[in-house]
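Report on the following structure.
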Ligand code: ADP
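Residue numbers (our numbering): 752 to 1054.
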């Protein structure tokens, strides 16, 4: 099957700053692809280039067989987009928002009306068709934005931080929807700052830093290749004194704020020693994608 999105040698700079730097990416159809990276890594710019909203300085974008940005209008009719910030029309009801959005795709009123019951059911908004947008909770608005992106039944969906700002319950509902789309064979390209979200949903993850892909693989592969399997997080009174002991017991130790992260193949030794330290509290857990992300991109703030 041909890839729905192929980026080759993509380059973009703003005011002399190389924001996207020779980026290659080829999406496998029917998979959920994650684009992760610290703030300013170039994720949103990459999505904008892929959609033909801006032109590249060099390199090529092939979106569903169309060269971008030359054929952007044609290609964009066939994709779904969930933007970072909801852009629902507050003067319209749920149904009116879906109708207006569908018309951008050249769909007829009848055609859109026929899809509305499915879209409302999909987004858990059945019974809300006539609700004004301002009566919806943040989670409902986000689910409506997702439903709206499906109005044209796209096979490729771009999702820019789909759950940012949502409470845990609302995030779970969005995840359920996204898993359903993956189950239907749709291709998803997702940016997120939530590593648990990426680990749960994505088949393949590309970690971006300074406009380049620094690693790519499934969440499981990335964890296996880049990080020790166990982490002991330690905090509390006497941590400073205990650090030397920790570094002799673990492969790698890192401090973030008031917490010491001990990465190790043999957590039992660390936990046994900690039993003699009443002032210290700890959490022993398997390593996860966030550990990989922090190891590869560092713990410094990027604003
Ligand atoms: P991310 O989505 O990974 O946080 P972005 O793609 O939004 O990163 O931004 C990458 C860099 O490009 C940032 O330094 C940002 O300030 C800069 N940038 C993005 N868009 C513009 C623009 N239109 N004009 C100038 N600088 C921009």
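For each residue, glycine too, the CB sits at the ideal point set by N, CA and C. Keep in mind the model is a prediction, meaning the values are calculated, not measured.
Any chance the region 1038 to 1047 sits against the region 963 to 981, with 3 or more Cβ pairs inside 8 Å? Yes, since at least three Cβ pairs between the region 1038 to 1047 and the region 963 to 981 fall closer than 8 Å, the two stretches touch.
What distance in whole Å lies between the Cβ atoms of residue 898 and residue 849, which are believed to be in contact at a cut-off of 8 Å? As a position in the chain shown, residue 849 is number 98, starting the count at 1. As a position in the chain shown, residue 898 is number 147, starting the count at 1. Rounded, the Cβ-Cβ distance is 7 Å, consistent with contact.
Residue 933: first and last residue of the uninterrupted alpha helix (DSSP H) it sits in: The residue labelled residue 933 in the question sits at position 182 within the chain shown. Taken as a continuous stretch (DSSP letters only), the alpha helix (DSSP H) holding residue 933 covers 919 to 934.
For residue 756 versus residue 812, is the C-beta distance shorter than 9 Å? By 1-based counting over the chain shown, the position of residue 756 is 5. By 1-based counting over the chain shown, the position of residue 812 is 61. A contact, by the Cβ cut-off of 9 Å.
What three-state label does DSSP hand residue 963 in the structure shown? Mapped onto the chain shown, residue 963 falls at position 212. Strand, per DSSP.
Which one of 988, 924 and 1003 has the shortest CA to CA distance from residue 1027? Within the chain shown, residue 1027 is the residue found at index 276, counting from 1. For residue 1027, the closest alpha carbon among the candidates 988, 924 and 1003 is that of 988.
Taking all protein chains shown into account, do 16 or more other C-beta atoms lie within 10 angstroms of the C-beta of residue 785, making it buried, or fewer, making it exposed? To locate residue 785, count along the chain shown from 1; it is residue 34. So residue 785 ends up on the buried side.
Considering residue 976, what are the terminal residues of the alpha helix (DSSP H) in which it resides? Numbered from 1 along the chain shown, position 225 holds the residue referred to as residue 976. Per DSSP, the continuous alpha helix (DSSP H) segment holding residue 976 begins and ends at 970 to 977.
Only counting the same chain, and skipping five residues up and downstream in sequence, which positions put a Cβ closer than 6 Å to that of residue 799? Working through the chain shown from its first residue, we reach residue 799 at position 48. Non-local beta-carbon contacts of residue 799 in its own chain, meaning distances under 6 Å to residues more than five positions away in sequence, involve 805 in chain order.
Is any heavy atom in the ligand ADP found nearer than 8 Å to the beta carbon of residue 869? As a working note, residue 869 is residue 118 in the chain shown. Taken from the Cβ of residue 869, every heavy atom of the ligand ADP lies 8 Å or farther away.
Among 782, 794, 753 and 759, nearest to residue 770 - alpha-carbon criterion: By one-based count along the chain shown, residue 770 stands at place 19. Residue 770 has its Cα closest to that of 794, out of 782, 794, 753 and 759.
Go through its chain and collect everything with a Cβ distance to residue 917's Cβ below 8 Å, but skip five positions before and after it. For this step, residue 917 is matched to residue 166 along the chain shown. Contacts found: 889, 890, 893 and 925.
I'd like the ranges of any alpha helix (DSSP H) spanning at least 4 consecutive residues and lying wholly in the region 975 to 1035. Taken in chain order, the whole alpha helix (DSSP H) runs of length 4 or more contained in the region 975 to 1035 are 990 to 1000 and 1018 to 1025.
Taking the beta carbon of residue 942 as the centre, do at least 16 other beta carbons fall within 10 Å, making it buried, or is it exposed? Counted from its first residue, the chain shown places residue 942 at position 191. Burial check for residue 942: the Cβ neighbour count within 10 Å reaches 16 or more, so the residue is buried.
Span of the beta strand (DSSP E) holding residue 777? Working through the chain shown from its first residue, we reach residue 777 at position 26. That run of the beta strand (DSSP E) goes 768 to 777.
As a quick exercise: from 959, 895, 872 and 824, pick the residue whose alpha carbon is nearest that of residue 855. Working through the chain shown from its first residue, we reach residue 855 at position 104. By alpha-carbon distance to residue 855, the top candidate from 959, 895, 872 and 824 is 824.
Check whether residue 810 and residue 773 have beta carbons under 9 Å apart: Here residue 810 corresponds to residue number 59 of the chain shown, with the count starting at 1. Here residue 773 corresponds to residue number 22 of the chain shown, with the count starting at 1. Contact annotation: residue 810 and residue 773 have beta-carbon atoms nearer than 9 Å.
Sub-9 Å separation of residue 820 and residue 911 beta-carbons: Start at 1 with the first residue of the chain shown, and residue 820 comes out as number 69. Start at 1 with the first residue of the chain shown, and residue 911 comes out as number 160. Not closer than 9 Å, so no.
I'd like to confirm something about residue 765: is its beta-carbon nearer than 8 Å to some heavy atom of the ligand ADP, or not? Taking the first residue of the chain shown as 1, we reach residue 765 at position 14. Yes - the ligand ADP has a heavy atom lying nearer than 8 Å to the Cβ of residue 765.
DSSP-derived helix/strand/coil call for residue 814: To locate residue 814, count along the chain shown from 1; it is residue 63. Strand, per DSSP.
9 Å Cβ cutoff met for residue 832 and residue 863: Locating residue 832 in the chain shown gives position 81, counting from the first residue. Locating residue 863 in the chain shown gives position 112, counting from the first residue. Going by C-beta atoms, residue 832 is not nearer than 9 Å to residue 863.
Please return the same chain residues whose Cβ sits closer than 7 Å to the Cβ of residue 984, not counting the five positions on each side in sequence. Within the chain shown, residue 984 is the residue found at index 233, counting from 1. 1010, 1012, 1033 and 1034, listed in sequence order.
Pair every Cβ in the region 962 to 975 with every Cβ in the region 992 to 1004, then say whether three or more of these pairs are closer than 8 Å. The region 962 to 975 makes no contact with the region 992 to 1004; the number of CB pairs closer than 8 Å stays below 3.
Segments of 4+ residues assigned as alpha helix (DSSP H) that fall wholly inside the region 842 to 901: Qualifying alpha helix (DSSP H) stretches, in chain order: 845 to 855, 860 to 873 and 889 to 900.
Minimum C-alpha distance to residue 780 - residue among 873, 947, 803 and 955: As a position in the chain shown, residue 780 is number 29, starting the count at 1. Comparing Cα-Cα distances from residue 780 to each of 873, 947, 803 and 955, the minimum goes to 955.
Look at the alpha carbon of residue 884 and the alpha carbon of residue 1017, and state the distance between them as a whole number of angstroms. Locating residue 884 in the chain shown gives position 133, counting from the first residue. Locating residue 1017 in the chain shown gives position 266, counting from the first residue. Near 53 Å, if we compare the C-alpha coordinates of residue 1017 and residue 884.
Between the beta-carbon of residue 908 and the beta-carbon of residue 940, is there less than 9 Å? Taking the first residue of the chain shown as position 1, residue 908 is located at position 157. Taking the first residue of the chain shown as position 1, residue 940 is located at position 189. Result yes, Cβ atoms of residue 908 and residue 940 sit closer than 9 Å.
Let me make sure I understand the geometry here. Which of 904, 1047, 961 and 995 has the alpha-carbon closest to that of residue 828? As a first step, residue 828 is located in the chain shown; it is residue number 77 there, counting from the start. The residue from 904, 1047, 961 and 995 with its alpha-carbon nearest to that of residue 828 is 904.
Neighbourhood of residue 930 by C-beta distance below 8 Å, restricted to the same chain and skipping five residues each side: Position 179 of the chain shown, counting from 1, holds the residue named residue 930. Closer than 8 Å at Cβ, skipping near neighbours: 952.
On the DSSP bridge list, what partners appear for residue 909? Counted from its first residue, the chain shown places residue 909 at position 158. Answer is 832 and 940.
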